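Number of protein chains: 2
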Amino acid sequence: MKNALYAQSGGVTSVINASAYGVIKAALNSKDIDNIYVAINGINGVFNEQLADMKKEDPEQIELLKFTPSSAFGSCRRKLKTEEDFIKIFEVFEKYNIHYFFYNGGNDSMDTVNKIHKYAQKIGYDLKAIGVPKTVDNDLPETDHTPGFGSIAKYLSVAILEGTLDVKSMAADSTKVFILETMGRHAGWVAASTALAKRHESDGPHIILMPEVPFNKEKFFEKIKDTISKYGYCSIAASEGIKYKDGSFVSARGYQDNFGNVQLGGIGSTLANMIKTELNIKTHYAVPDYLQRSGRHISSQVDVNEAINVGAMAVKYALEGKSGFMVGIERLMNSPYLSTTKLIPLDNVANETKLIPEEYITEDGMFVNEKFIEYALPLIEGEYYPPYLNGIPVYARLKLETINKK
Amino acid sequence: MKNALYAQSGGVTSVINASAYGVIKAALNSKDIDNIYVAINGINGVFNEQLADMKKEDPEQIELLKFTPSSAFGSCRRKLKTEEDFIKIFEVFEKYNIHYFFYNGGNDSMDTVNKIHKYAQKIGYDLKAIGVPKTVDNDLPETDHTPGFGSIAKYLSVAILEGTLDVKSMAADSTKVFILETMGRHAGWVAASTALAKRHESDGPHIILMPEVPFNKEKFFEKIKDTISKYGYCSIAASEGIKYKDGSFVSARGYQDNFGNVQLGGIGSTLANMIKTELNIKTHYAVPDYLQRSGRHISSQVDVNEAINVGAMAVKYALEGKSGFMVGIERLMNSPYLSTTKLIPLDNVANETKLIPEEYITEDGMFVNEKFIEYALPLIEGEYYPPYLNGIPVYARLKLETINKK
Chain A
1 MKNALYAQSG GVTSVINASA YGVIKAALNS KDIDNIYVAI NGINGVFNEQ
51 LADMKKEDPE QIELLKFTPS SAFGSCRRKL KTEEDFIKIF EVFEKYNIHY
101 FFYNGGNDSM DTVNKIHKYA QKIGYDLKAI GVPKTVDNDL PETDHTPGFG
151 SIAKYLSVAI LEGTLDVKSM AADSTKVFIL ETMGRHAGWV AASTALAKRH
201 ESDGPHIILM PEVPFNKEKF FEKIKDTISK YGYCSIAASE GIKYKDGSFV
251 SARGYQDNFG NVQLGGIGST LANMIKTELN IKTHYAVPDY LQRSGRHISS
301 QVDVNEAINV GAMAVKYALE GKSGFMVGIE RLMNSPYLST TKLIPLDNVA
351 NETKLIPEEY ITEDGMFVNE KFIEYALPLI EGEYYPPYLN GIPVYARLKL
401 ETINKK
Chain B
1 MKNALYAQSG GVTSVINASA YGVIKAALNS KDIDNIYVAI NGINGVFNEQ
51 LADMKKEDPE QIELLKFTPS SAFGSCRRKL KTEEDFIKIF EVFEKYNIHY
101 FFYNGGNDSM DTVNKIHKYA QKIGYDLKAI GVPKTVDNDL PETDHTPGFG
151 SIAKYLSVAI LEGTLDVKSM AADSTKVFIL ETMGRHAGWV AASTALAKRH
201 ESDGPHIILM PEVPFNKEKF FEKIKDTISK YGYCSIAASE GIKYKDGSFV
251 SARGYQDNFG NVQLGGIGST LANMIKTELN IKTHYAVPDY LQRSGRHISS
301 QVDVNEAINV GAMAVKYALE GKSGFMVGIE RLMNSPYLST TKLIPLDNVA
351 NETKLIPEEY ITEDGMFVNE KFIEYALPLI EGEYYPPYLN GIPVYARLKL
401 ETINKK
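In structure tokens, the structure reads:
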């Protein structure tokens, strides 16, 4: 008897449950896997022996996972530290006959799978451990991109398109600057993706601030003034993680006025305070926060499909005997867009961060060029709307009854 | 020769251009109206004689107005004050043979139409002036509701649904409270509409803060703690305009910590600082700002249809000789939902604000009851998606070449 275990970890995306769907369906359909369990709240569900049996769920609800954002099984931020952690994990694996382990997450989570894979080898436990990638940050190395990125890119491109139309309407006698604060603490992929909304020179965004480029207030102000003199308004996407040249976060310092009063807040509020105070221009800012990474109502079809595929392929690779790998995405062609999956050794992935290459960023450091657009545009293609009832989406409601502890 | 003039005013909505579509199409199709002009940037376009001829626009782009959020013709916040203002307006009206005037806006804008209507009567100028309602705030009196409200309600219901799934995922070992900051400076309709996302007792939102009910920190904290102990997390919708008992805005006072440091910000950031500091609970907040009122990608079909209807009916009423009225919406039945239009004297509308009636609010003052749901639910029904190209919506691009000044 060989069972499989799946769990989700780290910050969520709007398509992580599509990967869950891929794993669960492939496992349920495999004659080599007896049961597929899901650990509740990531690896914590293993420590607490909180495992839910996917055969007990209503198949209709399993189908709805394709459309359901966020983590349907609960997530966690736990890092494995001590030998005791591993002893406990393998005690549980043995008790429940877990011989396939699929962990769905970002950089830290891939480190977790890798350590579990290595521990299994060390103690001679038969385990196939595969990492299923997920992160809106798109910062995992060796994979062309990461499931979750295409959908946040689509959400934010639509957001900046609509937000820019708003500030454009108001600019003649009121607000002239609109700032969209995006996720991205270390890498600027998410902020940069808003460039996909720009079809004409005058369209927003006009400025994109990425953590890869040190923030320069004078150049930033110059570009705002230039843009307003040309178009009457200015639309900006700012990554939460932008830094000064000395490496300190712009938002961490907040905005300090001439009287020494510091106003702390996110990057949107910090920049808006700067612009209002020093340029005397009325400014609005939006902070989508969770909405951008859980906005399944506007997910990319390409992204959902790939998220399902990496999940299903993780099972296929494991059944072929592979372990210690992450399922990566390889781009085959751009037009029409086509991709396939590949295996990436977890050693090459764990704890690495992929930044935007310099060759994608414009000379002034405040926008991205055609190479970035060529890279990112296929990833937001297609609308894959969830079903609706009474005006709002119908998302999965799983029972998640945990099996009796042995 | 009798021409018509249309303009947009005040804060925008995702369906104001659907009303423009109704006005423009009805005017173009009428044999009694020679030309339909649009004033650029609201009434300012009259003062500056910046008028665009709708016959010069590509009909395909006119069709796209149904799908285009924000103000396609520019908006303004100008209030008419002096006799000179009116003299100038009627000088322009006479020069361009304007005898039909349609002004699309909220409370202040209805005051403007009313004054123009009255001035025409006073000087004996043949003018049919009709107000076309628009405001996300839903605070215009005598109309059942206002175009724009259904769509912001749908946007925010989807937002709180998706944001709540996110905090639910993270709550086990990280963030436990999610706050959605909504528009609504005086009335709480917008914040209250998030209740439409709640299908089960455990669903978010768990708390709704409206300006109609004085903010009570102790009761608020009590309900947060109760909710977390029941469900593990708590999801909150907070109107930007909530006030203390003394009438001061909660956000205007900001959050003052024990050292006397005041952190100013929006209501989301203010409440999050309170909760983090005093309850020691990790809290996230989202500020959709412009995105909520320009989020056409997720507009309500009922709302779009009604927005078109009030625009087209404004023309019909004017051609019947009516002037000094706003087109209101009358609800005929709830299931299936059916509405029609009616005329409301502008005297009854201008500068009045309709608050949420007490009988819609729960006893604890922090939620709405079944009566509110019955009222609001039909207004978010139906999805009316814009067309997409390369992953983002295709919105109207008008030429807006202004006619030669006479």
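As they're listed, the protein sequences go chains A and B.
Quick note on UniProt numbering: the first sequence kicks off at 1 and runs consecutively.
Quick note on UniProt numbering: the second sequence kicks off at 1 and runs consecutively.
Even glycine gets a Cβ: it sits at the ideal position worked out from N, Cα and C.
The model shown is predicted, which means the values in this text are computed figures rather than measured ones.
Residue closest to residue i, alpha-carbon to alpha-carbon, out of the options
i      : options                        : result
B:E142 : B:T402, B:H284, B:M326, B:N104 : B:M326
A:K245 : A:S251, A:S235, A:P214, A:D226 : A:P214
A:K405 : A:E60, A:N35, A:Y317, A:A52    : A:A52
A:M170 : B:G268, B:G11, B:A18, B:P133   : B:G11
A:S251 : A:R185, A:F221, A:G22, A:N305  : A:R185
B:N273 : B:A350, B:F178, B:A197, B:N334 : B:F178
B:G324 : B:L28, B:D126, B:A72           : B:D126
A:Q292 : A:L377, A:I329, A:A159         : A:A159
B:P336 : B:I33, B:E278, B:V302          : B:V302
A:S14  : A:E381, A:I298, A:G321         : A:I298
A:M333 : A:Y317, A:L377, A:A307, A:G311 : A:L377
A:K198 : A:R78, A:G391, A:I373          : A:I373
A:T146 : A:G260, A:N280, A:E330, A:F102 : A:E330
A:K342 : A:M313, A:T362, A:N369         : A:M313
B:D137 : B:D108, B:I224, B:A120, B:T112 : B:D108
Reduced DSSP secondary structure (H/G/I, E/B, other) of residue i
i      : result
A:P393 : strand
A:Y276 : First, the amino acid is wrong: residue 276 of chain A is Lys here, not Tyr. The answer is helix: DSSP assigns A:K276 an H, G or I state.
A:Q292 : helix
B:K55  : helix
B:Y285 : strand
B:P386 : coil
A:F102 : strand
A:T135 : coil
A:V92  : helix
A:F325 : strand
A:L5   : strand
B:K128 : strand
B:K168 : helix
A:I208 : strand
A:I361 : strand
B:Y37  : strand
B:V368 : strand
B:P69  : coil
B:M110 : helix
B:P378 : helix
Local Cβ density within 10 Å of residue i, reported as buried at 16 or more and exposed below that
i      : result
B:H206 : buried
A:P69  : buried
B:K115 : buried
A:K354 : buried
B:S157 : buried
B:N104 : buried
A:L379 : buried
A:M1   : exposed
A:I62  : buried
A:I152 : buried
In DSSP terms, what residue i is bridged to
i      : result
A:D331 : In the sequence as presented, Asp is not what sits at residue 331 of chain A; that position holds Arg. Paired residue(s): A:S339.
A:F178 : A:S235, A:H284
B:T402 : B:A52
A:L28  : BP columns for A:L28 are empty, so no partner.
A:I344 : A:M326
B:K243 : B:F249
B:S300 : B:E383
Cβ neighbours of residue i in the same chain (closer than 8 Å, five flanking residues each side left out)
i      : result
A:S174 : K282
A:K55  : L28, N35, I36
A:N348 : P141, E142
A:A286 : A159, G163, F178, I179, L180, E181, G268
B:E94  : Y125
A:G321 : K128
Residues of its chain near residue i, where Cβ-Cβ distance is below 7 Å and the 5 sequence neighbours each way are ignored
i                      : result
B:L319                 : S30, D32
residue 408 of chain B : The requested residue 408 of chain B does not occur in the structure, where chain B is confined to residues 1 to 406.
A:L398                 : E57, Q61, A72
Partner residues on chain C for residue i, Cβ-Cβ distance less than 9 Å
i      : result
B:I344 : Although the question refers to chain C, the structure presented lacks it and instead comprises the protein chains A and B.
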